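Count along the sequence shown from 1, add 21, and you get the number used in the working numbering.
I have placed the structure first, in the form of structure tokens, so that the comments after it can refer back to it.
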Amino acid sequence: MDIKQLKRFLDLYETGSFTKTAENLFLSQQALSSSIITLERELGRALFERTPNGIVPTTAGDILRDLSIPLVRNFDEMTLELSARFERIKEPLFLGLAPGVLQACSPDILFRFREANQDIELKGIESSDTACVENVMNGMADIALCPRPHDITDMEYIPVGEEKIYAVVNRESPLAGRGSVSASDLRNEKLVSLNKYYEVYHKLVECCRRHGFTPEFIVESGESGILLSMVKMNMCVFVCMEYITRDMDMEHCLKIPLADDDMVWKYGLVRRRGKPLSHATDRFIDFIVHHTSQS
């Protein structure tokens, strides 16, 4: 005996007609009749008497009706309460977030995701590029929005966007008149860079090595503002992503694109390969890919 059978029985008790109940419940008369017969067999009692004028409940039918009404009512109330409580439960989503990526793709994209998915509790964990990946791999984050790691062996990478990489130079620098520069042009320059916790550092080192030298940075820092100020004082050349150049002093500095084809800063979504996707993670991926592809 189950709730579905009891609801069919109660409707049939009220209508006194297999035809009307089948119509009410969108069932075939055969399916309804089979359900009632099964219920009668389970109880070992006939619930209805078939007469030329229709069906009438038996004494057993009357007893079952009296006991079933509060049971079905309580079940329906429980179902409504469950739905209401489930709607208040927010599924957590732990997002690794690398500095600069939001500026690159869209500063308000996380706000728009929260507005569109109010049943998901988005918790951002801001950290360096490499720490974002580590957090995904050790389970502290479900997914990360960060630059493309130089090693994605155990990860799934979903591209979102990319930016050019520039050399920021002082306007007094000999490089200032160039339309573009190659990594080889930086061989004898005093270089500064974001530190090794940022993917652009590894990309620049690899590119320089392909040109036959290993760069020696006079300063490595996680603070781009400090490095831009050093360029302003004509102390160095700073290789960085396009979004960072928006903060440079335009009066004293300018940006020159790197001509090397591989010197592109790519960013996207990183998740651990083989880990099942949660409902929240799947929706976050769809949202980010859809909205950044339209921007």
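Beta carbons: idealized from backbone N, C-alpha and C, even for Gly.
Quick caveat: nothing in here was measured; it's all calculated off a predicted structure.
By alpha-carbon distance to Phe-39, the top candidate from Ile-24, Phe-69, Glu-63, Phe-259 is Phe-69. Closest in C-alpha terms to Val-221, from the list Asp-150, Asn-45, Met-158, comes Asp-150. Restricting attention to alpha helix (DSSP H) runs no shorter than 4 residues, the segment 49-95 encloses them at 50-64, ordered along the chain. Between Asp-281 and Ala-204, the gap from beta carbon to beta carbon is short of 8 Å. Boundaries for Arg-294: no alpha helix (DSSP H) harbours it, and the DSSP string shows neither H nor E there. Under the three-state reduction of DSSP output, Tyr-178 falls in the strand class. Only residues of its own chain outside the window of five on either side were considered, and among them Arg-169, Glu-183 have a CB closer than 6 Å to the CB of Lys-287, listed in chain order.
Under DSSP, Tyr-288 forms a beta bridge with Pro-168, Gly-182. Secondary structure within the segment 122-158: the alpha helix (DSSP H) runs of 4 or more consecutive residues, fully enclosed, are 122-126, 130-137, 150-158 (chain order). One thing to note: Thr-36 has its Cβ no nearer than 8 Å to the Cβ of Leu-53.
The segment 91-105 makes no contact with the segment 117-126: fewer than 3 CB pairs, one atom from each, lie closer than 8 Å. According to the DSSP assignment, Met-256 belongs to no beta strand (DSSP E), since it is labelled neither H nor E. Look at the beta carbons and you see the segment 179-198 touching the segment 252-270: at least three pairs across the two are nearer than 8 Å.
Counting the other Cβ atoms within 10 Å of the Cβ of Gly-65 gives fewer than 16, which makes it exposed. Contact between Val-260 and Ser-214 holds: their C-beta atoms lie close to 6 Å from each other, under 8 Å. Proximity to Arg-293 across Lys-276, Arg-135, Leu-143, Gly-117 peaks at Gly-117, based on C-alpha coordinates. In the assembly as shown, Met-99 is an exposed residue. Its beta-carbon has fewer than 16 other beta-carbons within 10 Å.
The segment 259-279 and the segment 135-145 do not touch, with fewer than three beta-carbon pairs separated by less than 8 Å. Tyr-34 is positioned such that its CB atom lies closer than 8 Å to that of Arg-86.
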